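A short worksheet on the structure shown next.
Protein chains: 2
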Amino acid sequence: MLSRSSEYALRALIYLTDHQDELPISGQQIAEDLAIPRKYLSKILSDLTRTGLLKATRGKCGGFDFAKPPNKATLLEVVSPFERFDLRRCPFGNAQCGDDDPCLAHEGWKKVVQAEQLFLQKTALSKISQPKRVAGAKKGRRTKRK
Amino acid sequence: MLSRSSEYALRALIYLTDHQDELPISGQQIAEDLAIPRKYLSKILSDLTRTGLLKATRGKCGGFDFAKPPNKATLLEVVSPFERFDLRRCPFGNAQCGDDDPCLAHEGWKKVVQAEQLFLQKTALSKISQPKRVAGAKKGRRTKRK
DNA sequence: AGATATCACCATCTTGATATGCCAATAGAG
DNA sequence: CTCTATTGGCATATCAAGATGGTGATATCT
């Protein structure tokens, strides 16, 4: 239901949300920890930088950081550079199916699509980060990586 | 949200539903009327024959017919040969996200996916065929094609 | 039997998403 | 200044979906 690029983007940003005290983090690092192809993820993070979600700093000790706080970012913002939401095209009936001259499945299908859109649009990135599950565990600033 | 193959399958079957008094109809004919690549549609209809949704008769005046009445066929049956519903894989969090150890987006996303599944599963093919819109118009057995 | 119209199968081409590799630009550390 | 770790951009490779073409099997018609 979502492209692989979208999945990578989501997982990477959730990762960043979970490591907010260590930002910026390099693409290399994220790719390793999440087992995502390095250059491919690089490209994705670049895209998200261009859309204004992330902030990239080059050079040594560089990496990616949030350009806006993750509770201001919606899942839709994360995903939309990688999805083509062709809401125009109706999978049923013929081409000219629109809100005015709908096919019979139109309403039902529209509900499904809108449910997805709404979820992506209304859910903040910060809402889906993984909290450390261990009760009372200190946040535990990770030991310097590698 | 659906593969092109699925769309073609749906449109073709809706077409058949709308022409039930003229069955069987050749793939050629359907492809022409719906502006779908001929051989590609052929392949799709063959697939649907193999899954038991359609019945194919070869030779002159052959074509495709329903193997089961369209009110017994669900949209899911139509579409599933062409979709890979990877419900296992969660687009968020890491691999081991399951119903037992869910990521935070799990419930919300599950709802979305299930809404789609439910719609496809509960909607009968006959429910979405296009009725002739002209009030009181005779069904009008089409003049012999071509 | 012969001609024709159809489905079935197989091989190939095209296209877009996914993935990799190379090099330039940038910035911190010594 | 030099070394090194990073992002950025471009070119290319791989892969699966989409699309096309050829041939054989089957059925109807004359």
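Note that the protein sequences, when read in sequence, are chains A and C.
Position 32, counted from 1, in the first sequence is what our numbering calls 32; the numbers after and before it change by one each time, with no gaps.
Position 141, counted from 1, in the second sequence is what our numbering calls 1141; the numbers after and before it change by one each time, with no gaps.
Using N, Cα and C, we set each Cβ at its ideal position, and we do this for glycine too.
On a predicted model such as this, the values are computed, not experimentally measured, just so you know.
- Note: residue 63/A is bridge-paired with 57/A in the DSSP secondary-structure output.
- The beta carbons of residue 43/A and residue 49/A sit no closer together than 8 Å.
- Taking the C-beta atoms as reference points, residue 78/A is found no nearer than 8 Å to residue 45/A.
- Listed in chain order, the alpha helix (DSSP H) runs fully inside the stretch 12–51 of chain A are 27–34, 38–50, counting runs of at least 4 residues.
- With a cut-off of 8 Å on Cβ pairs, the stretch 22–31 of chain A is in contact with the stretch 62–70 of chain A, counting three or more such pairs.
- Pairing residue 112/A with residue 1085/C gives a Cβ-Cβ distance that is not under 8 Å.
- About 11 Å separates the CB atoms of residue 1073/C and residue 1010/C; that is not less than 8 Å, and the two are not in contact.
- Residue 1002/C belongs to the set of residues whose beta carbon lies under 8 Å from a beta carbon in chain A.
- Residue 115/A sits in a helix when the DSSP states are folded into three classes.
- Not a single CB atom of chain A sits nearer than 8 Å to the CB of residue 1066/C.
- Boundaries of the alpha helix (DSSP H) harbouring residue 1075/C: 1075–1079, taken from the DSSP string.
- If you check each beta-carbon in the stretch 113–132 of chain A against every beta-carbon of chain C, the ones closer than 8 Å belong to 113, 115, 116, 119, 123, 127, 128, 129, 130, 131.
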